[in-house]
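There are 2 protein chains.
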Amino acid sequence: MNKYAIVIHAGAEAMDPKDVSPEKEQKYKQGLQQALQAGYEILENGGSALDAVEAAVKSMEDFPLFNAGRGANLNEQGEPAFDAAVMDGKTLKAGAVCSIRYVKHPVSLAYALLQKSKPVLLSGEGAEEYAKGIGLDMEDPAYFITSERKEKWEEKEQEKLAEQHDTVGAVAIDKDGNLAAATSTGGLAYQHKGRVGDSPIIGSGTFAHNDYCAVSCTGEGEAIMRGVLAHEVYAMVKYAGESLQDACTKATKLYDAQLKGDKGIIAVSPTGEIALAFNTNQMKRGYRIQGGEPVVAVWKEE
Amino acid sequence: MNKYAIVIHAGAEAMDPKDVSPEKEQKYKQGLQQALQAGYEILENGGSALDAVEAAVKSMEDFPLFNAGRGANLNEQGEPAFDAAVMDGKTLKAGAVCSIRYVKHPVSLAYALLQKSKPVLLSGEGAEEYAKGIGLDMEDPAYFITSERKEKWEEKEQEKLAEQHDTVGAVAIDKDGNLAAATSTGGLAYQHKGRVGDSPIIGSGTFAHNDYCAVSCTGEGEAIMRGVLAHEVYAMVKYAGESLQDACTKATKLYDAQLKGDKGIIAVSPTGEIALAFNTNQMKRGYRIQGGEPVVAVWKEE
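Chains as they are written, first to last, in this note's numbering: chain A, 14 to 315; chain B, 14 to 315.
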């Protein structure tokens with residue numbers, strides 16, 4: 014008998030604790046609590062893992078301190094652009110979008126593609142037109158640009174690579190034992206126009222299979238893509254019989270010589286076991302397992 | 014001691030033999046021979062697997078009957094758009110592009126990104142501007158549109174889904190034992206603007222790791238992406254100890270209930286063993302192993 018459960022992340026990367034005031038840390042935790050609650054409520058009411066991960070990620074897309082949707086990083090042109098993906102562990106259906114603007118909730122556009130089966134991945138204007146066509150909420154670029162991101166972008170010279178590659182994501186298992194994963198990001202600050210990271214790549218940032226695991230990654234997108242890390246976690250569980258936690262921990266260290274960089278992974282198993290792994294000094298994260306209390310944390314040691 | 018070797022494909026999908034005249038079959042084989050020769054020559058002269066797969070794929074991008082570069086499928090707007098990827102099995106570096114136009118050789122843009130390390134994946138205009146910036150050959154849309162594709166597009170009503178999802182790809186091992194994979198496509202005929210298939214997705218259409226295999230896939234892009242099939246081949250070899258041929262054959266049948274669709278896979282191992290698998294009645298394909306003669310074929314039974 015599985016328990017329903019949800020795990021979320023809002024990015025893992027090396028940060029100097031001095032750069033995070035107690036007030037900011039509290040705000041991060043508030044954003045994590047809200048997202049966890051949005052997803053957990055759905056599971057508690059008998060809803061699907063897919064609906065739960067969408068709700069949790071939407072909540073983080075709305076929260077201005079996380080790098081997805083509103084408050085996303087600005088690329089080298091000073092514009093926000095988004096990537097997102099959702100995968101259903103039962104049907105192996107997936108939906109994903111890359112290099113899109115205007116769409117208030119990129120994860121919901123990915124979810125709409127998943128529900129339609131094909132195409133799985135849409136980029137740029139084609140994706141934006143699709144979103145408009147199905148009546149999703151659209152916003153002007155100004156909606157997404159917070160004063161904090163704008164200031165940081167303008168102080169580019171002083172930028173210390175802090176908060177450069179955060180991403181938000183969620184994995185869940187519902188009362189029926191179905192797994193789902195979702196990931197959403199605003200990419201890197203100052204990234205090249207059109208740069209796509211691991212988040213919308215099925216197998217890299219996002220993967221789910223009911224028999225093995227649902228996985229969402231965060232960290233240095235290029236290293237995660239080249240390592241196909243979400244699928245490597247699945248492969249270790251499926252073919253090597255690793256525990257989910259060991260698979261996640263090993264994936265954050267995989268081919269270290271070639272794939273160095275910050276990495277964070279969250280996952281859930283078909284029995285409701287959860288796993289979190291990261292090779293950084295913090296990962297904004299949270300989880301709640303059926304019958305338990307919500308847990309949120311930022312730093313490694315807490 | 015490994016042998017150098019190259020394997021190529023130019024698409025796998027169910028086709029009615031009556032739709033392929035003997036002349037057309039000969040032209041397919043001519044295109045395959047040229048591409049094989051372009052790649053093999055490099056290996057024979059001591060060149061790298063990366064240079065060999067780029068050369069073979071460029072040759073197929075130039076060949077007007079294959080669905081990549083010149084002669085690519087036209088999307089629902091009647092425009093050609095390209096996806097491509099290259100991966101280096103030694104460094105695990107990768108380069109990829111999606112939803113691009115104008116670039117004469119999409120695989121060469123992917124290769125240029127690989128050589129620069131970051132970003133790995135660029136989409137749309139950002140990728141096109143990057144290509145122009147580094148001086149790659151650019152062409153007007155008219156260059157890419159062959160009369161055959163144009164006529165087919167105009168006869169959309171009569172279209173029988175033939176030649177819908179061809180892709181070209183190559184995998185190779187060089188004299189130093191380094192592996193590489195490359196894939197390039199014009200996507201589906203009449204595809205949604207911005208639709209991206211498996212070809213540029215590291216782990217799905219393209220993957221390489223020196224210790225295990227280099228893999229390039231073709232077929233129904235959505236099914237290959239959802240199955241992350243190139244990486245599944247690697248995982249079966251790495252964790253389940255499968256032979257490369259068994260891994261490729263099993264990957265074409267993986268999760269058949271959820272991932273049905275045409276699939277073709279080519280691969281090469283660190284010892285120069287080659288593998289080809291497809292679940293269709295044809296895959297345009299070829300290979301040449303050090304010291305051997307070139308082999309090309311179209312139909313399953315030949």
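Yeah, the Cβ is synthetic: ideal placement off N, Cα and C, and Gly gets one too.
Taken in chain order, the whole alpha helix (DSSP H) runs of length 4 or more contained in the stretch 36 to 65 of chain A number zero.
Take residue 302 of chain A, set aside five residues on each side of it, and the residues of its chain with a beta-carbon closer than 7 Å to its own are 16, 18, 285, 287, in chain order. The alpha-carbon of residue 108 of chain B is positioned some 11 Å away from that of residue 196 of chain B.
Here the alpha carbons of residue 198 of chain A and residue 114 of chain A stand approximately 12 Å from one another. The residue among A:69, A:120, A:102 with its C-alpha nearest the C-alpha of residue 94 of chain A is A:120.
In chain order, 47, 48, 51 place their CB closer than 7 Å to the CB of residue 72 of chain A, counting only its own chain and leaving out the 5 sequence neighbours on each side.
In the same chain as residue 105 of chain B, and ignoring 5 residues on each side of it, no C-beta atom comes closer than 6 Å to its own. At a cut-off of 8 Å between beta carbons, residue 219 of chain B makes no contact with chain A.
Assignment of residue 202 of chain A by DSSP, reduced to helix, strand and coil, places it in the coil class. As DSSP reads the structure, residue 291 of chain A sits in a beta bridge with A:277. Listed in chain order, the alpha helix (DSSP H) runs fully inside the stretch 214 to 248 of chain B are 234 to 240, counting runs of at least 4 residues. The three-state secondary structure of residue 146 of chain B, taken from DSSP, is helix.
As computed with DSSP, residue 197 of chain B is found in a beta bridge with B:97, B:181.
The residues 226, 250, 280, 282, 286, 288, in chain order, have a CB closer than 7 Å to that of residue 257 of chain A in the same chain once the five nearest residues on each side in sequence are set aside. Residue 151 of chain A counts as exposed, since fewer than 16 other beta carbons sit within 10 angstroms of its beta carbon. Between residue 81 of chain A and residue 293 of chain A, the C-beta gap is not smaller than 8 Å, which leaves the two residues out of contact.
Shown in chain order are the members of the stretch 127 to 140 of chain A whose Cβ falls below 7 Å from a Cβ of chain B: 131, 132, 133, 134, 135, 136, 137, 138, 139, 140. In the DSSP annotation of this structure, the continuous segment of the beta strand (DSSP E) that includes residue 311 of chain B starts and ends at 308 to 312. Within the DSSP bridge table, the entry for residue 25 of chain B names B:296 as partners. Below the 8 Å Cβ cutoff, chain B contributes 252 as neighbours of residue 249 of chain A, in chain order.
Only 268, 271, 272 from the stretch 263 to 275 of chain B bring a Cβ to less than 7 Å from some Cβ of chain A.
Apart from sequence neighbours up to five positions away, the residues of its chain that approach residue 75 of chain B with a beta-carbon distance below 7 Å are 82, 83, ordered along the chain.
Counting the other CB atoms within 10 Å of its CB gives residue 153 of chain B a total below 16, which places it among the exposed residues. Residue 282 of chain A carries a coil assignment under DSSP once its states are collapsed to helix, strand and coil. Residue 243 of chain B is a Cβ neighbour of residue 217 of chain B, given a cutoff of 8 Å.
For a Cβ distance threshold of 9 Å, nothing in chain B lies close to residue 230 of chain A: the least Cβ distance comes to about 12 Å. Using a Cβ distance threshold of 8 Å, residue 100 of chain B and residue 133 of chain A do not count as a contacting pair.
The residues 88, 89, in chain order, have a CB closer than 8 Å to that of residue 205 of chain A in the same chain once the five nearest residues on each side in sequence are set aside. Taking 8 Å as the threshold, the shortest C-beta distance from residue 112 of chain B to chain A falls below it.
A Cβ-Cβ distance of about 4 Å is found for the pair residue 213 of chain A and residue 98 of chain A, placing them in contact under the 8 Å criterion.
The criterion of a C-beta distance shorter than 8 Å is not satisfied by residue 269 of chain A and residue 232 of chain A.
Interface residue (Cβ-Cβ distance to chain B less than 8 Å): residue 178 of chain A is not classified as such.
Taking the Cα of residue 22 of chain B as reference, the smallest distance to any Cα among B:221, B:103, B:70 is reached at B:70.
Residue 44 of chain B and residue 305 of chain B have their C-alpha atoms spaced approximately 19 Å apart. Residue environment analysis places residue 29 of chain A among the exposed positions, since fewer than 16 neighbouring C-beta atoms fall within 10 angstroms of its C-beta.
Per DSSP, the unbroken beta strand (DSSP E) holding residue 107 of chain B starts and ends at 107 to 113.
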